[in-house]
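First up is the structure itself, then whatever we jot down about it.
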């Protein structure tokens, strides 16, 4: 242990002397985020749209004014068609999502925790992934009829694939050092799964969950626009036949709100469950 | 001969003809070794000399390694790794209690944390700890199981020099209080001399030197009498004056 003592023999430095003051370097990062600025862009587009409509620059048949869309929305809500269609769509998306979620988790656990499960499941799911799910629609209509069952089945498939893929890859990517630790600490298989495997796979699972939620809405839109007799997509399809652009826009707005709410809900749950990660980013 | 050999009759760890090889390359070549119960032993060697292989064999962690020989070790074995290996999704106390259950567990865990100087950090996340604190928590996790044998694989290798000295003092104190057999794997000759009562040098798959260090504790790095041990160990490791 040796210590080096450095003494400065020079006279105290004053700022006016030759040695220049340290100037802060030019910042290359975008800097601190301004509050609520994410809404600025959409608000600007809305304002432009309203201004153009008010000035008579937009063809009301192609793009109706924002207030016309709002009026139509209120009208459709009060006469009961909109709540009815929303409910139907929510039921489809909800049950398809629930089934897809359960299947995705169950298959990922089975494939991730046993070699037999992996051999049986992983290849089949990878094959399933290679086929575009919406391409299965004609076959599923022939098998299950044109009722609700086939719609729920298609949504479930769209949802389970990203949940399976991300959860399975997170499960198989568990840090080997933690497996060794579990062996040293003498954990039972059950305790190992509960305290190391599942918490370790949760971040991957949430990536899959968010993709699955988006997928459920995507599947819903497609299904309701090609073969449905009720629901939001059906409402928009009918409006297309009668040239009601305002109704189509109402449908799009509702889809948008659904997407936004469900994504925020998943993010909120993710933040709660993975609270230990926040210490990393802070 | 170890000074306590008469008292410590039953060896905690016994290796007979222990051989391990990776892809045809022999790493451990028929090692015979007794570690008396309660002895603080350090195992020195170059990187790649097989010292970690030996430790992992004693810990029972070498699942897919080819080898033969007889090995006995106590039932309660704890391992401290070079990285603290704390689960980032569990708070410090839950990390310490990993694999431990029963009514007393919580109290024991808190006591162990207090013993390593982490009282008050029970609810902290591992990411909030410094490197030294994390390694203290890892020590608490191994202590709480009241091990008969403590295996440490370069536990202070990733710490800065000042923290390492503090951890040496702590480890020696903990050993004096609990008296487990310790096998400390290290490549740091000074660390081995300051901490251990017996230093083994692993060379080409065999124990090249078995040295008993008969100096009172706490030892100072600047103790001139330790210099002689240092010379002998460095020579056994193949480091001569002109290499330094």
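Chains as they are written, first to last, in our numbering: chain U, 1 to 282; chain H, 283 to 526. Glycine included, every Cβ here is placed at the ideal spot set by N, Cα and C.
Spatial distance of residue i from residue j (CA atoms)
| i | j | result |
| --- | --- | --- |
| residue 135 of chain U | residue 274 of chain U | 36 Å |
| residue 369 of chain H | residue 348 of chain H | 30 Å |
| residue 375 of chain H | residue 482 of chain H | 35 Å |
| residue 285 of chain H | residue 513 of chain H | Only weak support exists for where residue 285 of chain H lies, its pLDDT of 47 falling under 50; the value from the coordinates is given anyway. Approximately 22 Å between the Cα atoms of the pair. |
| residue 314 of chain U | residue 372 of chain H | The structure shown does not extend to residue 314 of chain U, since chain U is modelled only from 1 through 282, so no value can be given for it. |
| residue 283 of chain H | residue 494 of chain H | Residue placement at residue 283 of chain H is flagged as unreliable, the pLDDT there being 42, under the threshold of 50; the coordinate-derived value follows with that caveat. Those two C-alpha atoms are separated by around 7 Å. |
| residue 381 of chain H | residue 187 of chain U | 5 Å |
| residue 390 of chain H | residue 420 of chain H | 14 Å |
| residue 160 of chain U | residue 55 of chain U | 48 Å |
| residue 223 of chain U | residue 205 of chain U | 26 Å |
| residue 89 of chain U | residue 220 of chain U | 7 Å |
| residue 63 of chain U | residue 218 of chain U | 24 Å |
| residue 107 of chain U | residue 121 of chain U | 7 Å |
| residue 432 of chain H | residue 360 of chain H | 5 Å |
| residue 118 of chain U | residue 344 of chain H | 24 Å |
| residue 269 of chain U | residue 448 of chain H | 42 Å |
| residue 354 of chain H | residue 184 of chain U | 16 Å |
| residue 387 of chain H | residue 294 of chain H | 26 Å |
| residue 377 of chain H | residue 320 of chain H | 26 Å |
| residue 254 of chain U | residue 195 of chain U | 41 Å |
Whole-angstrom C-beta distance between residue j and residue i, which should lie under 8 Å
| i | j | result |
| --- | --- | --- |
| residue 256 of chain U | residue 101 of chain U | About 22 Å separates the two Cβ atoms, so there is no contact after all. |
| residue 174 of chain U | residue 200 of chain U | 5 Å |
| residue 456 of chain H | residue 397 of chain H | 7 Å |
| residue 411 of chain H | residue 404 of chain H | Contact doesn't hold; Cβ gap of about 12 Å is too wide. |
| residue 301 of chain H | residue 314 of chain H | Rounded, the Cβ-Cβ distance is 11 Å, inconsistent with contact. |
| residue 231 of chain U | residue 115 of chain U | Between residue 115 of chain U and residue 231 of chain U the Cβ distance is about 43 Å, and since that is not below 8 Å, they are no contact. |
| residue 424 of chain H | residue 317 of chain H | Incorrect: roughly 17 Å between the Cβ atoms, too far for contact. |
| residue 476 of chain H | residue 503 of chain H | 6 Å |
| residue 167 of chain U | residue 104 of chain U | 7 Å |
| residue 358 of chain H | residue 415 of chain H | Not a contact, Cβ separation roughly 25 Å. |
CB contact check: residue i to chain U, cutoff 9 Å
| i | result |
| --- | --- |
| residue 363 of chain H | yes |
| residue 482 of chain H | no |
| residue 507 of chain H | no |
| residue 405 of chain H | no |
| residue 512 of chain H | no |
| residue 516 of chain H | no |
| residue 321 of chain H | no |
| residue 341 of chain H | yes |
| residue 382 of chain H | yes |
| residue 337 of chain H | no |
| residue 423 of chain H | yes |
| residue 372 of chain H | yes |
| residue 325 of chain H | no |
| residue 467 of chain H | no |
| residue 359 of chain H | yes |
| residue 521 of chain H | no |
| residue 418 of chain H | no |
is_contact[residue i, chain H] using C-beta, thresh 9 Å
| i | result |
| --- | --- |
| residue 187 of chain U | yes |
| residue 271 of chain U | no |
| residue 184 of chain U | yes |
| residue 178 of chain U | yes |
| residue 276 of chain U | yes |
| residue 199 of chain U | yes |
| residue 196 of chain U | yes |
| residue 191 of chain U | yes |
| residue 109 of chain U | no |
| residue 202 of chain U | yes |
| residue 76 of chain U | no |
Range covered by the alpha helix (DSSP H) that runs through residue i
| i | result |
| --- | --- |
| residue 91 of chain U | 81-113 |
| residue 352 of chain U | In the structure as shown, chain U starts at 1 and stops at 282, and residue 352 of chain U therefore has no counterpart that could be examined. |
| residue 388 of chain H | 387-397 |
| residue 454 of chain H | 443-460 |
| residue 241 of chain U | 232-242 |
| residue 55 of chain U | Premise fails: residue 55 of chain U is in no alpha helix (DSSP H) and is neither H nor E. |
| residue 501 of chain H | Segment: none, residue 501 of chain H is in no alpha helix (DSSP H) and carries neither H nor E. |
| residue 506 of chain H | Premise fails: residue 506 of chain H is in no alpha helix (DSSP H) and is neither H nor E. |
| residue 218 of chain U | 198-226 |
| residue 438 of chain H | No alpha helix (DSSP H) holds residue 438 of chain H; DSSP gives it neither H nor E. |
| residue 24 of chain U | Counting along the chain, residue 24 of chain U falls outside any alpha helix (DSSP H), and DSSP gives it neither H nor E. |
| residue 189 of chain U | 189-192 |
The beta strand (DSSP E) enclosing residue i, as first and last residue numbers
| i | result |
| --- | --- |
| residue 74 of chain U | Taken as a continuous stretch (DSSP letters only), residue 74 of chain U belongs to no beta strand (DSSP E), being part of the alpha helix (DSSP H) at 66-78. |
| residue 434 of chain H | 431-435 |
| residue 293 of chain H | 293-304 |
* Asked: In the region 469-498 of chain H, which residue ranges form an unbroken beta strand (DSSP E) of at least 3 residues, counting only runs that do not cross its ends?
  -> 480-485, 488-494
* To do: For the region 316-375 of chain H, list the alpha helix (DSSP H) runs that are entirely contained and at least 4 residues long, ordered along the chain.
  => The qualifying runs are 333-341.
* What runs of the alpha helix (DSSP H), each 4 residues or longer, lie entirely inside the region 401-428 of chain H? -> Segments of the alpha helix (DSSP H) lying fully in the region 401-428 of chain H: 413-425.
* Which whole runs of the beta strand (DSSP E) in the region 117-183 of chain U are 3 residues long or more, in chain order? -> If one requires a minimum length of 3 residues, no beta strand (DSSP E) run lies completely within the region 117-183 of chain U.
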